[in-house]
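Numbering (the working numbering), first residue to last: 4 to 394.
All residues carry an ideal CB built from backbone N, CA and C; glycine is no exception.
Quick caveat: nothing in here was measured; it's all calculated off a predicted structure.
Reviewing the structure listed below.
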Amino acid sequence: MTIDAVDFFYASMPEVTLDADGSQDALLVRVTAGDYVGWGECEASPLVSIAAFVTPRSHGVCQPVSASVLGQRLETPDDIRAISSLVARNSMDLLQAPHTLSGIEMALWDLLGKARQEPVWSLLGYAESLPKTPYASMLFGDTPQETLDRARAARGRGFRAVKFGWGPFGHGTLQDDVDLVMAAREGVGDDGRLLVDAGQIWEGNVAEAAKRLPALIDARVEWLEEPFAGDSYEEYAALAALSGPVGLAGGEASHNARMAENLIRFGDVRFIQIDSGRIGGLGPSKAIADFADARGVTYVNHTFTSHLALSASLQPFAGLAGSSLCEFPSDPRAVATAITSTPLELDTDGFVSAPDAPGLGISVDLEALTPYLRSVSIAVDGVTVYDDATR
Numbered sequence: 004m005t006i007d008a009v010d011f012f013y014a015s016m017p018e019v020t021l022d023a024d025g026s027q028d029a030l031l032v033r034v035t036a037g038d039y040v041g042w043g044e045c046e047a048s049p050l051v052s053i054a055a056f057v058t059p060r061s062h063g064v065c066q067p068v069s070a071s072v073l074g075q076r077l078e079t080p081d082d083i084r085a086i087s088s089l090v091a092r093n094s095m096d097l098l099q100a101p102h103t104l105s106g107i108e109m110a111l112w113d114l115l116g117k118a119r120q121e122p123v124w125s126l127l128g129y130a131e132s133l134p135k136t137p138y139a140s141m142l143f144g145d146t147p148q149e150t151l152d153r154a155r156a157a158r159g160r161g162f163r164a165v166k167f168g169w170g171p172f173g174h175g176t177l178q179d180d181v182d183l184v185m186a187a188r189e190g191v192g193d194d195g196r197l198l199v200d201a202g203q204i205w206e207g208n209v210a211e212a213a214k215r216l217p218a219l220i221d222a223r224v225e226w227l228e229e230p231f232a233g234d235s236y237e238e239y240a241a242l243a244a245l246s247g248p249v250g251l252a253g254g255e256a257s258h259n260a261r262m263a264e265n266l267i268r269f270g271d272v273r274f275i276q277i278d279s280g281r282i283g284g285l286g287p288s289k290a291i292a293d294f295a296d297a298r299g300v301t302y303v304n305h306t307f308t309s310h311l312a313l314s315a316s317l318q319p320f321a322g323l324a325g326s327s328l329c330e331f332p333s334d335p336r337a338v339a340t341a342i343t344s345t346p347l348e349l350d351t352d353g354f355v356s357a358p359d360a361p362g363l364g365i366s367v368d369l370e371a372l373t374p375y376l377r378s379v380s381i382a383v384d385g386v387t388v389y390d391d392a393t394r
């Protein structure tokens, strides 16, 4: 097979708010090779990612992603890795390239799995897909009461673990944050697992982050996620030395494998969270899963969008027994739920697994997505270089 076409579908809610909710828009990628079709999803600004695929070249290592993808051979996992290496070389100076490639690379794995009638996790080398404990991933409420209500609702839906993040956390006083965390613990219950995401709110201020540690410890919070920017390795390590039973988590900001490796090596995180829609796809995600597992660090997916992205993000650690937590977008916007007609469900024991079906095991529902699709046309000097009307 050779890659015949790469098509993008930019969808969004009619109104996109300032909420830290990545499910408000989406960029789906459809790859066609012969009689087979694969789907992927980029986790980045959709219009910029499309532009990275079609932009005129600036020089030899600032070429559009399309130059390294279209017409390439696709028969084995090694072919996918070769395409990724080609993009890394030819689009070295195109900073959006990893995000654009991520959705394409996902779709290549999906397509290859369908052609071979194998799940992607099998193509990645796993013998089985193990059940994961999903945690309901949601924003802090504007008040402690709202946070408590959201936690109770998540437990009522069968979630044993809940993560709260962003919202007002870190924007008010120390006591405000303490009240939010304690409300979350009350709502989750004594037997529930509680996780907290700071959303990089303290930039590099270790002392400010450390003030929250006593409350996090009292509330038995399992991890504090992204207290600092993704490349603040020294700050991560300094806070990790103080955090006691509260592990540090991070990695979603990594747009290449080396950034994630450095966060493990030098940031002393106990949990590495990888977004397969940002880091370059499933191949780099699997490499980090192996790297983390060998060092006793727990690999966790980062997914706050659709169940297409959720299934893709489960594949790189599907067979790792030591990494059993899974981020599960609990209340995505309507555009995200419209993407697939086959969402992943919690089983009777409250677990979720990467599907056993060929490819990613997810069916994309373009008809349901149609009301959310945006029309995109890009022209240079009056010449159209991209028009989604032709897909």
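- Of the other Cβ atoms in all chains shown, fewer than 16 fall within 10 Å of the Cβ of T79; this residue is therefore exposed.
- Taking C-beta atoms as the reference points, H102 and G385 fail to come closer than 9 angstroms.
- P147: not part of any beta strand (DSSP E); member of the alpha helix (DSSP H) spanning P147 to G159, first to last residue.
- Between the alpha carbons of V383 and L114 lies a gap of roughly 32 angstroms.
- As the crow flies, the alpha-carbon of G364 is around 16 angstroms from that of V32.
- Ranked by Cα distance from W124, the options I204, V388, Q318 and N304 are led by Q318.
- Here the alpha carbon of D96 sits roughly 34 angstroms from the alpha carbon of S366.
- The alpha-carbon separation between A110 and E44 amounts to approximately 8 angstroms.
- Distance between P335 and P346, taken at the CA atoms: about 12 angstroms.
- L98 sits in coil when the DSSP states are folded into three classes, being neither helix nor strand.
- Note that the C-beta distance between A100 and A154 is not below 9 angstroms.
- Given a length threshold of 3 residues, each whole run of the beta strand (DSSP E) inside the stretch 234–259 is given here in chain order: 250–253.
- When only Cα atoms are considered, Y239 and N208 end up about 10 angstroms apart.
- For R273, there is no enclosing beta strand (DSSP E), since its DSSP letter is neither H nor E.
- Counting only the Cα atoms, A292 lies some 10 angstroms from G325.
- Here A295 is actually not in contact with Q276; their C-beta atoms are around 10 angstroms apart, not less than 8 angstroms.
- Straight across, the Cα-Cα distance linking A118 with V272 is about 38 angstroms.
- Residue environment analysis places E131 among the exposed positions, since fewer than 16 neighbouring C-beta atoms fall within 10 angstroms of its C-beta.
- The stretch 196–228 contains, as complete beta strand (DSSP E) runs of 3+ residues, the segments 196–200 and 224–228 (chain order).
- Cβ contact annotation for F231 (same chain, cutoff 7 angstroms, sequence separation greater than five): Q203, W205, E206, G207, E238 and Y239, in chain order.
- Beyond the five residues adjoining it in sequence on each side, P137 comes within less than 6 angstroms, by CB distance, of C329, F331 and V355 in the same chain, given in chain order.
- Assignment of V300 by DSSP, reduced to helix, strand and coil, places it in the coil class.
- The C-beta of P67 has 16 or more other C-beta atoms within 10 Å across all chains shown, which makes the residue buried.
- CA-to-CA, the gap between D38 and F143 works out to about 46 angstroms.
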